[in-house]
Amino acid sequence: MPSLITVGETPLRLSPPGNRRFVGSETVQLTATGTESNVAIAAAALGADATWASKLPSTQLGKRVVSELREYGVETDVAWTESGRVGLEFRQPGVPPREPVIIHDRDGATAGSMTPADIPMDDVEAADGVFVAGSSAALSETAAETVAAVLRASGSDNGLSVFELDYRPRLWDAEDARETLTPMLEHVDVLIANENQLRTVFGRTGDPREAAHGVASKWDIDLLAMTRGEHGALVIDDSVVHEIESVEAETVDAAGQHDAFSGAFVAQLLAGDRPDAALSHAVAAATLTRTTPGPIPAFDRTDVESLVEQLE
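Numbered per numbering that gives the first Met the number 0, the sequence shown finishes at 311, counting up by one with no gaps.
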């Protein structure tokens, strides 16, 4: 069973039930959801030995994060502290034409003070794969330095280093993201990005294949996987482009679909799949995730395999 370590922040998401607005709602749903932990959940669902590492306050909310991740088969390696707080994300679902509303409350989050000393670097070096994301680097200069240190360490024993661009304009602007993240790319084997985010951060225009190939070639990235919404997804593998169309399905909640894509893609690469086969699993996992409420990629492996067969 291949081992995967993901490192980053997991805030708690508060959301009104169903498609209700915060105004008039008497209850909210509480969910532990972060890019790195969601990726670990998705990878674990496909058979990876997944561990999420981070820094949390020793509070009821911090313990809630850990207990929820363990429910989905993810191991945790946490540096506990008596200071700080768990970051919060308030999300009001949107139903067309009403857009979703997302409010980040991350100031003072303990993950922002995360240093390399808080992370099990020996395990990072020994893991088959390591996953980090730009959203955690956006928290603070200290967090960004930690993300960079994890990427440097992940390649020391020939492990697969995976970086998710995960650009959040509510956390920082594109110029700051580009300045902070591009030096990290020399240590990245696999880059995963949403098409719009890739264009925004790297200033790419024109054909999506050329945009993705330009980024991969400039930073000498072995694999670049890019999701394109209703236009499907593609992966650049040593200048070869593999593409797959999106799968028609009812969208109940789109919040966790990209994390499902990333987790499934990484899990299948670690299992020995070719990039095109990993791409099929990633699209299948993302499709299944958006048919269920909530941001957690809680899909069943047999459902993914069944959908992959339909895609072939």
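Note that beta-carbon positions come from the ideal geometry of N, C-alpha and C, so glycine has one too.
DSSP three-state assignment for residue i, whether helix, strand or coil
i	result
Ser112	helix
Ala49	strand
Asn18	coil
Glu35	helix
Asn195	helix
Arg151	helix
Ile243	strand
Arg12	strand
Arg273	coil
Leu170	coil
In DSSP terms, what residue i is bridged to
i	result
Met120	DSSP, once it has assigned bridges, lists no residue as partnering Met120.
Lys54	Ala78
Thr5	Trp51, Phe130
Met225	Ala192, Leu233
Phe162	Val131, Leu190
Thr30	Arg12
Phe264	The partner list for Phe264 (beta bridge, DSSP) is empty, contrary to what the question assumes.
Close Cβ partners of residue i (< 7 Å) along its chain, the five nearest in sequence each way excluded
i	result
His186	Leu150, Arg151, Gly154, Ser160
His103	Glu88, Arg169, Leu170
Leu60	Leu11, Val85
Gly33	Gly7, Glu8, Thr9, Pro10
Val94	Asn18
Option in the options with minimal Cα separation from residue i
i	options	result
Leu322	Gly293, Lys217, Thr288	Residue 322 lies beyond the stretch modelled for the chain, which goes from 0 to 311, so this question has no answer here.
Val131	Tyr166, Ile102, Glu229	Tyr166
Val265	Thr301, Ile40, Thr26, Thr9	Ile40
Glu174	Asp188, Leu197, Gly158	Leu197
Glu308	Thr288, Val246, Gly262	Val246
Glu311	Val282, Pro294, Phe298	Val282
Asp172	Ala137, Gly205, Asn37, Glu163	Ala137
Asp275	Val239, Gly262, Glu304, Arg300	Val239
Pro294	Leu13, Ile4, Leu3, Pro1	Leu13
Asp122	Ser2, Arg300, Met225, Leu180	Ser2
Ala143	Thr179, Asp127, Phe162	Thr179
Phe162	Trp79, Ala192, Thr141	Ala192
Asp219	Leu287, Leu184, Gly133, Val64	Leu184
Residue j beta carbon less than 8 Å from that of residue i
i	j	result
Ala31	Gly72	no
Pro207	Gly255	no
Leu269	His241	no
Pro182	Thr109	no
Arg177	Val200	yes
Gly320	Ser135	Residue 320 falls outside the range modelled here, since the chain spans only 0 to 311, and no answer is possible.
His280	Gln267	yes
Ala259	Ala232	no
Arg289	Ala253	yes
Glu35	Trp51	yes
Gly271	Val38	no
Val129	Ile4	yes
Lys54	Ser112	yes
Glu67	Ala49	no
Beta-carbon proximity list for residue i, same chain, < 8 Å, skipping 5 on both sides
i	result
Pro15	Phe21, Ser24, Thr26, Val27, Gln28, Gln91, Pro92
Ala148	Pro115, Ile118, Met120
Asp237	Asp221
Glu81	Pro56, Ser57
Glu229	Ser245
Own chain, CB closer than 6 Å to residue i, minus 5 neighbours either side, in chain order
i	result
Ile235	Ala211, His212, Ala215, Leu223
Pro292	Val251, Asp252
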